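Going line by line, the protein sequences match chains D and L. Mapped onto my numbering, the consecutive letters of the first sequence carry residue numbers 100 to 559. Mapped onto my numbering, the consecutive letters of the second sequence carry residue numbers 10 to 189. What follows is a set of notes on a single structure, which appears directly below.
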Amino acid sequence: MNVALDRTLILLIEHKDMMFQLIDYMDQNRRKDIPTQVFINSMLAKLDGLTSKKEVDRLREAFDLDNLIKTGIIFEANKSRGTIALQPAVLDIFRLFDKERVRGLSSADLENIRVQLEGAHQRLESLSFAEDNLDFLEQHDQLFDLLRKINSQIQSNTDHLQFEADRLSQRLDHDQALLSLNESRQHREILAQVKKIYDREIIPTLEFLNAREYSKTKAPLTVIDDISRLYDIRGYEADSYYIDQYKLSILSHYKAVEKVKQALQRYLHQERRHRLTYDAIEKVYLNLQALAQSTFTESLKEKYIFKSLDSETLYFYGLKTHAAGQEARIEWHDRNHMVYFNEYLIQQNARKRSDSSAQIKTFNDKQQNDRHNAIKRRIEQLVKQSDIKPPVDDLYVVVHNLLVDELKQDYQLNYLLYGVSSFKQRYGKKFKVQVCFNRPQQSIRYQNLVLEYNKREFIL
Amino acid sequence: MISNELSQAIYNDLVKGRTINKHSYVVKTNELEENPLYNEVFINFDEYRQLYQRINFDLIHKNSSFFFIREINVGDANEATIKIQALLIIIGRIVTEKGYLFDVLTDHRAGIGLEDLSVAMSEERYSDILHTCKLCMSRGIEEEINSHLITRGIMFKNSRGHFVLSDAGTAFFSELTAVS
């Protein structure tokens with residue numbers, strides 16, 4: 100069943116959100132047509148949102164592709180490509196409903212207008228201006244249609260630019276933009292949009308509206324002046340006057356567009372600053388990357404880039420290298436520090452005895468349970484409490500027996516060296532320990548280990 | 010007239026390879042305030058310059074925003090300055106490449122979080138460069154930033170725990186842009 104054009108249009112206007120979606124799709128994808136599937140999907144989504152079955156049926160019939168083609172709302176349906184194109188006049192009606200969707204004039208659109216004006220001027224110049232000349236009358240009507248259209252387009256273009264400037268400014272002046280990375284990314288994208296509108300719409304519009312600037316091609320307003328003069332010369336003063344009025348009406352938008360330009364200029368400075376910073380960082384980054392990559396091909400000894408960099412190019416060249424760039428810090432963990440400190444002293448004393456180079460002791464927050472140190476502490480205590488007195492024929496044997504008795508299963512032969520060493524440390528100053536270099540050496544065997552040693556006599 | 014108290018604090022900073030920035034960040038208020046040490050050097054610049062020259066240092070004032078000292082007749086490019094520069098370039102690249110506003114790095118209320126930096130710096134293209142600069146070999150990126158940028162006053166951590174460029178760090182990028 101067919102639905103008449105007027106009914107279909109009324110339904111489309113009633114449900115204009117669907118048309119807005121389609122217009123947005125075309126604008127975002129810079130297309131004049133839309134895939135049939137996109138249209139069908141938006142229609143189905145629209146129908147799904149309705150509750151009344153009667154309304155659904157009504158819309159299904161009106162928005163049926165065949166019906167839209169028959170009514171001329173869809174003026175082109177390409178089955179092989181699967182696309183449809185909506186009547187531009189219908190789209191323009193919907194754009195008028197929402198300022199956001201009013202289209203601006205691109206430089207190509209403006210150039211097209213200029214070419215049309217020049218064509219009209221040339222054709223009129225070659226015609227005789229007479230009331231009975233049908234060619235002239237046709238051109239005359241066409242000229243005034245064109246002037247009306249240009250006036251309306253420039254008006255829409257100014258509205259569009261003002262709306263866009265307001266919208267973008269509001270978003271850019273949002274103070275919190277920097278506080279989140281995502282918002283800062285959006286901020287930067289909006290700056291890019293400002294730049295695009297400035298370069299592709301504002302500047303071409305101002306050039307279009309500027310009648311004084313000289314360029315290779317005649318300015319459109321100059322062409323309108325020429326046409327007006329032509330009418331005046333040929334005795335059509337009234338028409339000439341109307342043409343001048345159209346020109347003034349078109350020209351009146353110059354100030355409004357200039358204001359938009361000035362409003363956006365500070366954002367352009369911001370955008371330019373960001374672009375320059377971005378370019379500068381990119382340049383030094385690529386340089387650094389090249390230096391790093393060049394090191395991969397050299398010998399392993401030269402794998403760092405330090406030699407490749409010219410010192411004069413370093414911004415902080417000569418900044419003092421100092422280990423104290425980091426502050427010294429002590430972590431004081433919650434534990435019995437006396438135990439750790441004693442243990443540390445034992446180790447330090449052992450090092451002193453062996454004359455080994457000292458190592459820096461570091462503490463961390465892990466418990467230290469060195470079993471050997473605990474045994475060594477016991478040995479020290481045993482030596483201290485022992486009643487070994489000179490003369491002793493073989494100090495090793497005596498200390499060995501003492502440790503075997505006291506330490507029992509904890510005792511290992513290597514603790515004997517520590518025991519004798521502790522003994523000498525404690526009593527060495529008071530009594531004398533004499534080494535006997537007899538061959539063969541003495542030996543003590545304990546749990547599969549053998550210690551061969553030179554006998555030490557402990558004497559007064 | 011040089012203030013003894015400030016002069017000692019200035020020496021303590023400069024000799025440890027730190028920069029003295031025009032502004033210092035106050036965590037409690039999340040605001041920047043004028044740095045009295047900077048003002049002290051700025052007002053008595055000639056005297057301080059002479060003072061440091063006598064102990065073999067040039068007192069450098071860069072971009073009208075920070076001071077540092079450079080050893081007179083310093084030899085080849087030292088590792089520390091290369092590390093600082095490499096870290097700054099990579100941090101700047103991460104911010105700009107991801108499409109963030111560069112101002113995120115310079116606004117004391119904003120800054121970039123460690124997580125964002127760590128994720129980006131773990132990419133091979135960045136880690137390769139860092140390794141050739143002897144960075145992030147055994148330490149994490151936070152330690153490297155702390156050690157080379159924070160302790161030297163080239164960056165600071167704001168109250169959100171984000172890294173922000175100080176006057177010295179900002180001056181580095183300003184000069185990059187100016188040169189380009």
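For each residue, glycine too, the CB sits at the ideal point set by N, CA and C. As the structure is a computational prediction, the values presented were derived from the model and not from experiment.
Q. Tell me which same chain residues have a C-beta within less than 7 Å of the C-beta of Ile380(D), skipping the five on either side of it?
A. Your numbering for residue 380(D) matches position 281 in the first sequence. Around Ile380(D): no qualifying Cβ.
Q: Taking Leu121(D) as the reference, give the member of Asp378(D), Arg299(D), Arg106(D), Lys145(D) with the closest Cα.
A: Here residue 121(D) refers to the residue found at position 22 when the first sequence is read from its first residue. Considering only alpha carbons, the answer is Lys145(D).
Q: Less than 8 Å between the CB atoms is what I'm expecting for Gly101(L) and Phe182(L), so what's the real figure, rounded?
A: Taking the second sequence and counting its residues from 1, the one referred to as residue 101(L) is at position 92. Taking the second sequence and counting its residues from 1, the one referred to as residue 182(L) is at position 173. Yes, Gly101(L) and Phe182(L) are in contact; Cβ-Cβ is about 6 Å, under 8 Å.
Q. With Leu139(L) and Ile99(L) assumed to form a contact (beta carbons below 8 Å), what rounded beta-carbon distance in angstroms separates them?
A. The residue labelled residue 139(L) in the question sits at position 130 within the second sequence. The residue labelled residue 99(L) in the question sits at position 90 within the second sequence. At roughly 7 Å, the Cβ-Cβ gap stays under 8 Å, so Leu139(L) and Ile99(L) are in contact.
Q | Minimum C-alpha distance to Val137(D) - residue among Gly148(D), Asp147(D), Met125(D), Arg129(D) | A | Taking the first residue of the first sequence as 1, we reach residue 137(D) at position 38. In terms of CA proximity to Val137(D), Met125(D) leads the group Gly148(D), Asp147(D), Met125(D), Arg129(D).
Q. Would you say Lys294(D) faces chain L, with C-beta separation under 7 Å as the test?
A. Translated into positions along the first sequence, residue 294(D) becomes position 195. Answer no: the Cβ-Cβ gap between Lys294(D) and chain L never drops below 7 Å.
**Q.** Residues within the stretch 505-532 of chain D neighbouring chain L, beta-carbon criterion of under 8 Å
**A.** none
Q) Ser225(D) CB to nearest chain L CB: under 7 Å? A) For the purposes of this step, residue 225(D) is identified with residue 126 of the first sequence, where counting begins at 1. It does not: the Cβ of Ser225(D) has no partner Cβ on chain L nearer than 7 Å.
Q. Which one of Leu550(D), Lys554(D), Lys507(D), Glu442(D) has the shortest CA to CA distance from Leu494(D)?
A. Along the first sequence, one-based indexing puts residue 494(D) at 395. From the listed residues Leu550(D), Lys554(D), Lys507(D), Glu442(D), the smallest Cα separation to Leu494(D) is found for Lys554(D).
**Q.** Val36(L) at chain D interface by Cβ criterion, 7 Å
**A.** Position 27 of the second sequence holds residue 36(L). So, not an interface residue.
(Q) In this structure, how does DSSP classify Arg118(L) when only helix, strand and coil are distinguished? (A) As a position in the second sequence, residue 118(L) is number 109, starting the count at 1. Coil at Arg118(L), not helix or strand.
Q.
Cβ closer than 9 Å: which chain D residues qualify as neighbours of Thr2(L)?
A. No information on residue 2(L) is available, as it lies outside the stretch 10 to 189 that chain L covers here.
(Q) If contacts are defined as beta-carbon pairs under 8 Å, then Phe76(L) and Thr28(L) qualify, I think. What distance do you get, rounded to the angstrom? (A) To locate residue 76(L), count along the second sequence from 1; it is residue 67. To locate residue 28(L), count along the second sequence from 1; it is residue 19. Rounded, the Cβ-Cβ distance is 7 Å, consistent with contact.
Q. Ends of the alpha helix (DSSP H) at His220(D)?
A. For the purposes of this step, residue 220(D) is taken as residue 121 along the first sequence, with counting starting at 1. In the DSSP assignment, His220(D) falls within the alpha helix (DSSP H) that extends over 206-224.
Q.
Any beta carbon from chain D within less than 7 Å of Gln17(L)'s own beta carbon?
A. If you number the second sequence from 1, residue 17(L) lands on position 8. No, no contact with chain D.
Q) Could you give the residue range of the alpha helix (DSSP H) that holds His140(L)? A) Numbered from 1 along the second sequence, position 131 holds the residue referred to as residue 140(L). Note, His140(L): alpha helix (DSSP H), 133-141.
(Q) Suppose the cutoff is 7 Å on Cβ atoms and the five residues either side in sequence are ignored; what does the same chain contact list for Val189(D) look like? (A) For the purposes of this step, residue 189(D) is taken as residue 90 along the first sequence, with counting starting at 1. Answer for Val189(D): Ile172, listed in chain order.
Q: Taking Ser542(D) and Ile478(D) to be in contact with their CB atoms under 8 Å, please state how far apart those CB atoms are, rounded to whole angstroms.
A: In the first sequence, residue 542(D) corresponds to position 443, counting from 1. In the first sequence, residue 478(D) corresponds to position 379, counting from 1. Not a contact, Cβ separation roughly 21 Å.
Q: Give me whichever residues DSSP pairs with Met164(L) in a beta bridge.
A: Taking the first residue of the second sequence as position 1, residue 164(L) is located at position 155. The secondary-structure analysis by DSSP pairs Met164(L) across a beta bridge with Leu174(L).
Q | Secondary structure, beta strand (DSSP E): runs of 3+ residues fully inside the stretch 295-324 of chain D | A | none
Q) In the structure shown, what three-state DSSP assignment does Thr182(D) receive? A) One-based indexing of the first sequence puts residue 182(D) at position 83. The three-state secondary structure of Thr182(D), taken from DSSP, is strand.
Q.
To the nearest angstrom, how far is the alpha carbon of Leu204(D) from that of Phe307(D)?
A. Sequence index remark: in the first sequence, residue 204(D) carries index 105 (1-based). Sequence index remark: in the first sequence, residue 307(D) carries index 208 (1-based). Going from the Cα of Leu204(D) to the Cα of Phe307(D) covers about 11 Å.
(Q) Once DSSP output is grouped into helix, strand and coil, what is the label at Gln533(D)? (A) Taking the first sequence and counting its residues from 1, one reaches residue 533(D) at position 434. DSSP places Gln533(D) in strand when its eight states are reduced to three.
**Q.** Inter-stretch contact (C-beta, 8 Å, three-pair minimum) for the stretch 17-28 of chain L and the stretch 39-55 of chain L
**A.** yes
Q: Would you kindly report the start and end of the unbroken alpha helix (DSSP H) that includes Tyr335(D)?
A: Sequence index remark: in the first sequence, residue 335(D) carries index 236 (1-based). Element bounds for Tyr335(D): n/a, residue is neither H nor E.
Q: Report the neighbours of Phe77(L) on chain D: residues whose CB is nearer than 9 Å to its CB, in chain order.
A: To locate residue 77(L), count along the second sequence from 1; it is residue 68. By Cβ distance, chain D contributes Phe415, Gly417, Leu418, Lys419.
(Q) Taking DSSP's pairing of strands, which residues face Gln252(D) in a bridge? (A) In the first sequence, the residue the question calls residue 252(D) occupies position 153. Bridge partners of Gln252(D) according to DSSP: none are assigned.
Q) Who are the neighbours of Glu184(L) on chain D, taking C-beta pairs under 8 Å? A) Here residue 184(L) refers to the residue found at position 175 of the second sequence. Those are Tyr414, listed as they occur along chain D.
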